[in-house]
Amino acid sequence: MTKELIRLSDCKVAFDGDVVLDNINLYINDKEFLTLLGPSGCGKTTTLRIIGGFLKPDSGDVFFDGARINDVPPHKRLVNTIFQKYALFTHLNVFENVAFGLRVARPDDKKIDKHEISHRVIEMLEVVSLKGFEKRDVSSLSGGQQQRVAIARALVNKPKVLLLDEPLGALDMRLRKDMQNELKQIQQSTGITFVYVTHDQEEALAMSDTVVVMEGGVIQQIGTPEDIYNEPKNAFVADFIGESNIVDGIMRSDGVVEIFGRKFKCLDSGFEPMEPVDVVIRPEDIDIVSPGKGKLTGTITGITFRGVMYDIIVDFHGFKWLIQTTDLCQVGTEIGIQIDPDGIHIMKKSRFSGMYGDYSSYSAEYDDIGDAEHEYEPEDEDEA
Amino acid sequence: MTGMTRRPGFFGRGYNFLILFFLYAPIFVLIAFSFNSSRSRSVWTGFTFDWYKSLVQDESIMNAFYTTIIIAILSAVIATIAGTFAAVGFFSMRKKWRTPLLHINNIPMMNADIVTGVSLAMLFVALGSLLRVNFFGFATILIAHITFNIPYVILSIMPKLRQIDSNLVDAACDLGCTWMKAFWKVIVPEIMPGIINGLIIAFTLSVDDFVISYFTAGGNVMTLPMKIFAMTRRRISPEINALSTILFLTVLAMLIIINVREARQEERLKQSQLMLNR
Amino acid sequence: MKPKFFAVPYVVWMAIFVIAPVLIVVFYAFTTADGGFTLTHFTEMSRFLPVFTRSFRLAFISTIISIAIGYPVAYILSREGQRVQRLMIMLIMLPMWMNFLLRTYAWMSILENTGLLNRFLAFLGLPQLQIINTPTAVVIGMVYNFLPFMILPIYSVIVKIDKSLYEAASDLGANTLGVFRKLVIPMSLPGVLSGIMMVFVPAVSTFVISQLLGGGMVMMLGDLIEMQFLGSTYNPQLGSAVALVMMVIVILFMYVMNRFGEGEEKAVGL
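So the protein sequences, as listed, match chains A, B and C. If you count by our numbering, then the first sequence holds residues 1402 to 1785, one letter each, in order. If you count by our numbering, then the second sequence holds residues 6 to 283, one letter each, in order. If you count by our numbering, then the third sequence holds residues 158 to 427, one letter each, in order.
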């Protein structure tokens, strides 16, 4: 039985006239792992800061367990935060950093006696595998160890909700993967609600129960990782999550869409006849066939070896698609393609239509996304 | 290693030693003549400790010395406290307000000492005639010293504030602190090196100041530099040499202690980092 | 309580003890003894033109000599090992902890006619030098007192130049002199500029050094101002006017220097 724990209703924030959050409505269930995902400047950290109490929304309300908490300061909320770059107290050692929250009287309980503090701190350090590091200077620790101190410092207070602001951003790839698993485990074993902020879509898909995709201060889509990946609501979401070819299409009737003048079968329905739509085709859902047998025929313009498969760029009448295949192909050959009905996803036109999903306009797209360099690094070479 | 990162050669080192000699020659002259048995400042007539003995007995010098130390301690402590609050205040302001205020804050540092001294003296005259009191004396020197010390305190704290992780205060609040508590428990300890640095700078500036004290003292009180200046006008007593020798050796000892401690701390930090890399 | 209100007491303090005094100086500079508006103090100042030119000339010479002496010190020092650097910096700063009046006084006993220098020259059988009470003595005193303020900022900039830049420069074919000219000099310029400000301003406004080593024969701007307030010719209006002119020139000087520095930094900007 899931129970609603946090609700943001119609939250709006503007800094110096720039709207940062535009009417955010969101609820978070108890024991849920929810991720706010989006490029920098999309409002995800602002949303987190509202929940933490570091920022008051200009309008709208925040509820915690049914009670309005707009005016409750951070130190009175049953919420703890793991900050970007950890924000450890460099003048205190590891033990004192973790004990900080226990030494300051908490809203829910009275002063904790010394014995209990040291007991809980040691216990927590054990959980994050930092036993024996109590006396160490935090500045002498590695990035991963500092990260663990930050986790211990937050969790030792037994919060109802843990907010994590890009906590793995400063770690290298391998460490990130390890910490992802570890965080997920901690979340499951403690049963604490996690609200996680990241711009890394892989991280979001791997860890979350619910993903909230944000852009321009607006929530674009809320759903399970599978929903978000398989049924993106608009071109932005489709493009931000994973690789996708997004092309203009026309709905001929339920279950039939026209792309480049060819009719394709699909599973979507409920559109007006002849309604212009955005069509998403994931690169792994495209089958390569001989030129005569395909619905569309194009020329291979680029190939990149990715280990398990090849990324190939195919030119269809000036529109470049990304196709992932295990077949070996040659640049310059003509190929035909086939797409199964369940490989096609139809979206309504939105303000993002035409901005994403063409692999020949990659560099322009890169500028739009701003900082999402992690997700897009690989394609850079394709276009170069 | 390329040519540019090579250590300096014989001529380079020799040159720097020559400059050090230039810097220290007058000081050694002063120290040497504090042990000279005659009053002459250029002819050596024999060794004596007399000037040290008479120094302790010379009331006017000792009074000036005490005044200097008291003003230095008071002005440094007050300037450090005020400067710490002011720096934190400036730091949390919007740029629109912070920039002009920091410019005003820079005025006493930019202005020639004589201009600061003269203008403060005129303010004290104006205030005095307005309120029909003569302020001049200890209080005016103290106010002047606080005024020229605070900018240096702020200057040494600001970089420390900038280094602080912008989320640190939020982290403290998140862990149960009110804003004031976070200030005392997190901000102050984090910027402590800057505060102490500011305190030391303020103290030394205050001890060393002559020009501003000279204009704001009003003839009632004398700091040690003023006393020295008054004596250079006539004839300097070698007692002053004795006093400056004592001061010099005190500072030297303090610097050696501080440096040895810092070197040890760095050594320890290096070792702990080495252990980490293993 | 919001943290920005922490600054309120000091802002009030600045209004009274930083801004008000400047305004009073401005006010006095433009008023007669009975309070009427006047510009006579500024016209009267032409009498003191030689004092102005002498002050600026001596301060300029001292600044140039300080750069000439101090720059090599900073550069050589930056190539020493960590320990030597730390020790040298301490040694360069140490004399500043001795009151500058005393240090200047020590120069009196070295430079005076029967002083140590002349005794030494006599000992070597060389002719005597008349240095005390000349502009030369004043320049020596200024260079001596302000040299550390030139060395330290230059050093702190040079020492921060990334060592790999040297390697990159020589890798790209620059020889030692080329690296120095193309890399070290432009990159150390901000340090030189702040050194110039730290030497020039106290030098142009000093009255202690000129009185002790110039013996009253070398009158400078500082002496002129001091005379109007504490000296024989009490005239705070004229003194204020001179102080105001000096203040304006110093501010203009700093402004130009800053501009110059910004331009350079942009040119060097990596």
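Every residue gets a Cβ at the ideal spot worked out from N, C-alpha and C, and that includes glycine. None of the values given here were measured: they were computed from a predicted structure.
Classification of residue i by the beta-carbon crowding that lies within 10 angstroms, buried from 16 upward
i	result
aspartate 380(C)	buried
alanine 268(B)	exposed
threonine 390(C)	exposed
arginine 1375(A)	Limits of chain A in this structure are 1402 at one end and 1785 at the other, which puts residue 1375(A) out of reach.
tyrosine 1487(A)	buried
tyrosine 232(C)	buried
arginine 283(B)	For arginine 283(B), the pLDDT reaches just 49, beneath the cut-off of 50, and the residue's location in the model is therefore unreliable, although a value from the coordinates is still provided. The residue is exposed, with fewer than 16 neighbouring Cβ atoms inside 10 Å.
aspartate 1781(A)	In this predicted model, aspartate 1781(A) has a pLDDT of only 33, less than 50, meaning its place in the structure is not dependable enough to derive any value.
methionine 1608(A)	buried
asparagine 116(B)	buried
tyrosine 262(C)	buried
asparagine 1789(A)	Given a span of 1402 to 1785 for chain A in the structure shown, any question on residue 1789(A) remains unanswerable.
arginine 12(B)	exposed
threonine 1448(A)	buried
arginine 167(B)	exposed
valine 1444(A)	Reading off the sequence shown, one finds glycine at residue 1444(A), where the question assumed valine. Glycine 1444(A) should be labelled buried.
threonine 152(B)	buried
leucine 304(C)	buried
arginine 240(B)	exposed
threonine 221(B)	buried
lysine 1721(A)	buried
phenylalanine 257(C)	buried
The alpha helix (DSSP H) enclosing residue i, as first and last residue numbers
i	result
histidine 1746(A)	Segment 1745 to 1749 is the beta strand (DSSP E) holding histidine 1746(A); no alpha helix (DSSP H) there.
glutamine 441(C)	The question about residue 441(C) has no answer here: the residues shown for chain C are numbered 158 through 427.
alanine 1415(A)	Looking at the DSSP string, alanine 1415(A) is not in any alpha helix (DSSP H); the run it does join, the beta strand (DSSP E), is 1405 to 1416.
phenylalanine 1717(A)	That residue, phenylalanine 1717(A), is in no alpha helix (DSSP H); its beta strand (DSSP E) goes 1711 to 1717.
isoleucine 1451(A)	1445 to 1453
arginine 1663(A)	That residue, arginine 1663(A), is in no alpha helix (DSSP H); its beta strand (DSSP E) goes 1663 to 1666.
proline 230(B)	229 to 238
isoleucine 78(B)	64 to 96
leucine 387(C)	Per DSSP, leucine 387(C) belongs to no alpha helix (DSSP H) and is neither H nor E.
DSSP state of residue i mapped onto helix, strand, coil
i	result
asparagine 1430(A)	strand
threonine 1702(A)	strand
asparagine 1481(A)	strand
isoleucine 1660(A)	strand
isoleucine 1642(A)	coil
arginine 416(C)	helix
asparagine 1635(A)	coil
glutamate 1735(A)	strand
alanine 1468(A)	strand
phenylalanine 280(C)	helix
phenylalanine 174(C)	helix
tyrosine 1763(A)	For tyrosine 1763(A), the predicted model reports a pLDDT of 43, less than 50, meaning its position is unreliable and no value from the coordinates is stated.
aspartate 1686(A)	helix
leucine 1569(A)	coil
lysine 1721(A)	strand
Enclosing beta strand (DSSP E) for residue i [first to last residue]
i	result
proline 1626(A)	Taken as a continuous stretch (DSSP letters only), proline 1626(A) belongs to no beta strand (DSSP E), being part of the alpha helix (DSSP H) at 1626 to 1631.
phenylalanine 1595(A)	1594 to 1599
methionine 1652(A)	1646 to 1654
serine 1540(A)	Here serine 1540(A) belongs to no beta strand (DSSP E), and DSSP marks it neither H nor E.
threonine 104(B)	Run containing threonine 104(B): none in the beta strand (DSSP E); it sits in the alpha helix (DSSP H), 100 to 115.
phenylalanine 143(B)	It is not in any beta strand (DSSP E) - phenylalanine 143(B) instead sits in the alpha helix (DSSP H) that spans 143 to 168.
Any non-hydrogen atom of the ligand GTP within 6 Å of residue i CB
i	result
phenylalanine 410(C)	As for the ligand GTP, it is missing from this structure, which has no ligand bound.
(message) Whether or not the region 1580 to 1587 of chain A and the region 1610 to 1621 of chain A are in contact is what I'm after, with contact meaning three or more pairs of Cβ atoms, one per stretch, closer than 8 Å; do they touch?
(response) no
(request) Using a Cβ-Cβ cut-off of less than 9 Å, give me the residues of the region 340 to 369 of chain C that come near chain B, in sequence order. (result) Leu340, Val341, Met354, Val358, Pro359, Val361, Ser362, Thr363, Phe364, Val365, Gln368, Leu369
(request) Using a Cβ-Cβ cut-off of less than 7 Å, list which residues of the region 1589 to 1601 of chain A approach chain B; keep chain order. (result) none
(message) Quick check: the region 1731 to 1745 of chain A against the region 1678 to 1698 of chain A, are at least 3 beta-carbon pairs closer than 8 Å?
(response) Yes, they touch.
(request) Take every Cβ of the region 61 to 81 of chain B, pair it with every Cβ of the region 209 to 229 of chain B, and state whether three or more of those distances are shorter than 8 Å. (result) yes
(message) If contact is defined by three or more beta carbon pairs under 8 Å, each pair taking one atom from either stretch, is the region 171 to 184 of chain C in contact with the region 308 to 325 of chain C?
(response) no
(message) To be precise: take each residue of the region 175 to 206 of chain B, compare its Cβ to all Cβ atoms of chain C, and keep it if any distance is under 8 Å. Which residues remain?
(response) Trp184, Met185, Phe188
(request) Taking 8 Å as the threshold, find out whether the region 1458 to 1471 of chain A comes into contact with the region 1486 to 1505 of chain A through three or more Cβ pairs. (result) No, because fewer than three Cβ pairs between the region 1458 to 1471 of chain A and the region 1486 to 1505 of chain A fall closer than 8 Å, the two stretches do not touch.
(request) Could you tell me whether the region 196 to 204 of chain B touches the region 153 to 171 of chain B, using the rule of 3 or more Cβ pairs below 8 Å? (result) In short, these stretches touch, since the Cβ pair count reaches three.
(request) With 8 Å as the limit, tell me which residues of the region 23 to 47 of chain B have their beta carbon closer than that to any beta carbon of chain C; keep them in chain order. (result) Hits within the stretch, in order: Ile24, Leu25, Phe27, Leu28, Tyr29, Ala30, Pro31, Ile32, Val34, Leu35, Phe38, Arg46, Ser47.
(request) Note down, in chain order, all residues in the region 1479 to 1508 of chain A with a beta-carbon under 7 Å from any beta-carbon belonging to chain B. (result) Asn1481, Thr1482, Phe1484, Gln1485, Lys1486, Ala1488, Phe1490, Thr1491, His1492, Phe1501, Gly1502, Val1505, Ala1506, Arg1507
(message) Tell me whether the region 291 to 299 of chain C and the region 368 to 388 of chain C touch, counting them as touching only if at least three CB pairs, one residue from each stretch, are closer than 8 Å.
(response) yes
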